[in-house]
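Asker:
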Ligand SMILES: NC(=O)c1ccc[n+]([C@@H]2O[C@H](COP(=O)([O-])OP(=O)(O)OC[C@H]3O[C@@H](n4cnc5c(N)ncnc54)[C@H](O)[C@@H]3O)[C@@H](O)[C@H]2O)c1
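In our numbering, the protein residues as written are 134 to 528.
1) Run the CB neighbour count on residue 381, radius 10 Å, all protein chains shown included, and call it buried at 16 or more, exposed below.
2) Considering residue 84, what are the terminal residues of the beta strand (DSSP E) in which it resides?
3) For the 8 angstroms Cβ check, are there 3 or more pairs between the region 181-191 and the region 141-154?
4) Do residue 444 and residue 475 count as a contact pair if the criterion is CB distance below 7 angstroms?
5) Between the Cα of residue 148 and those of 300, 403 and 367, spot the shortest distance and give me the residue it belongs to.
6) So residue 227 and residue 217 are in contact, right, with Cβ under 8 angstroms, and what is the actual spacing, rounded?
7) With burial defined as no fewer than 16 other Cβ atoms inside 10 Å of the residue's Cβ, what is the status of residue 361: buried or exposed?
8) Here's the rule I'm using: 16 or more other beta-carbon atoms within 10 Å means buried, otherwise exposed. How should residue 271 be labelled?
9) Ignore the nearest five residues each way along the sequence and tell me which others in residue 529's own chain have a CB closer than 8 angstroms to its CB.
10) Return the chain-ordered ranges of every beta strand (DSSP E) run that is complete within the region 187-243 and spans a minimum of 3 residues.
11) Could you tell me if the beta carbon of residue 294 falls within a distance shorter than 6 angstroms of some heavy atom in ligand 1?
12) Are there 16 or more other CB atoms within 10 angstroms of the CB of residue 374, so buried, or fewer, so exposed?
13) Could you give the first and the last residue of the continuous beta strand (DSSP E) run that contains residue 523?
14) Excluding the five sequence neighbours on either side, which residues of its own chain have a C-beta within less than 7 angstroms of the C-beta of residue 310, listed in chain order?
15) Is the beta carbon of residue 506 sitting closer than 7 angstroms to the one on residue 448?
16) Exposed or buried, residue 424, counting other C-beta atoms within 10 Å across all chains shown (16 or more means buried)?
17) Would you identify the three-state DSSP class for residue 501, choosing helix, strand or coil?
18) Note the first and the last residue of the continuous alpha helix (DSSP H) segment covering residue 395.
19) Taking 6 angstroms as the cut-off, is the beta-carbon of residue 164 closer than that to any non-hydrogen atom of ligand 1?
20) Would you kindly check if the distance between the Cβ of residue 338 and the Cβ of residue 399 is under 7 angstroms?
21) If we count Cβ pairs, one from each stretch, closer than 8 angstroms, do we get three or more for the region 448-464 versus the region 432-439?
22) What do you get for residue 206, buried or exposed, if any count of 16 or more other CB atoms within 10 angstroms of its CB means buried?
23) Could you tell me if the beta carbon of residue 144 falls within a distance shorter than 6 angstroms of some heavy atom in ligand 1?
24) In or out: residue 479 buried (at least 16 other Cβ within 10 Å) or exposed?
25) Which residues mark the beginning and the end of the alpha helix (DSSP H) in which residue 154 is found?
26) Can you find the residues in the same chain that come closer than 8 angstroms, C-beta to C-beta, to residue 393, ignoring five residues on each side of it along the sequence?
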């Protein structure tokens, strides 16, 4: 069976490779020529996949990276894995998704199955994407199938990978749902059918809103614990001895990445429009966005006036051990420190270059080091006796 995975990023690339290992002929379609050139020459563009796995896919002729959308015309299954970020004004931005679905529609053959994996608001598949597919393809609703299956990939997670992470699947029709289930079953162990597209769309948003709300709550609690002089890490460890009804979350400078700070805003936006606002999400978002500013304040507590003070920010990606800086809260931390007059440098061997600046070496030549994203490779002994501010909990 020939398939096309539209978008070869953190979600689409592992999916196309997994499908190619399952002996589907998988076209990896992306409009980023540079990315496709790298993949075509056997170079992986994400941390979780080795160059070797890309090379094997290409050598087997089962993984075919391309920028040519005509491959959709011969595909039995077309999967959509393009970004669904927020706009400048903190609202859902469907530009890439609408662009991709328009391209798919223009090239869709009768009988194909389209599966959307991008994170979206409830109702988006049925009310926004289906009409575009019908209009652009000239087909009728019964000439093709539409399904939704949210991606749950967790970059760098060595335990839960694409094959063993349970997958939700829903279809516009029962036939669509069953075809999608059959497709994934070749390389995913556990698949749960949801009774409607909207159930699967909302379930994904619930998963990530749950994380944003709980992480923001633990960050508020960490601020309180710091104020009264107790260690939040010890508090969490103590609470986590309860064998039921509690799940530990850990403090940080705030959540980042393409999912956790973004997806809940899709849910909040949809809930507002439906007249049933999700106030927990609004508050969690507010707390999350305030965390970098809180740590600027903590830096001032440690150093006094930050003017001309040399501050090193250690780790700038949104979470440890990835090079992904999308929505990283560290950007707001650096901006806040600079606004106070500090001379800010940053160190991150995974990111290396960011916002026109380069990573500097870890050394003792600073007034303060703020541990923002603690990658495993970091050797903090290189900081010598530099004063340290740890954003990860312990006071
Ligand atoms: N990154 C994660 O951990 C994760 C986890 C679960 C769900 N998701 C969701 O999956 C979706 C994709 O996220 P991602 O992290 O893979 O994004 P990404 O930015 O890593 O990759 C998206 C790719 O799509 C390409 N693209 C954009 N528009 C295109 C078009 N019209 N045609 C062809 N290619 C196009 C981009 O060039 C890019 O390579 C989002 O909706 C996201 O919320 C992401």
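Note that beta-carbon positions come from the ideal geometry of N, C-alpha and C, so glycine has one too.
Answerer: With the structure as the only source:
1) exposed
2) It is not possible to answer for residue 84, since the shown part of the chain is limited to 134 through 528.
3) yes
4) yes
5) 300
6) 6 angstroms
7) exposed
8) exposed
9) Missing from the structure shown is residue 529; the chain here goes from 134 to 528 and no further.
10) 196-199 and 210-213
11) no
12) exposed
13) 520-523
14) 280, 302, 303, 304 and 326
15) yes
16) buried
17) strand
18) Looking at the DSSP string, residue 395 is not in any alpha helix (DSSP H), and its letter there is neither H nor E.
19) yes
20) yes
21) no
22) exposed
23) yes
24) buried
25) 145-154
26) 341, 344, 345 and 348
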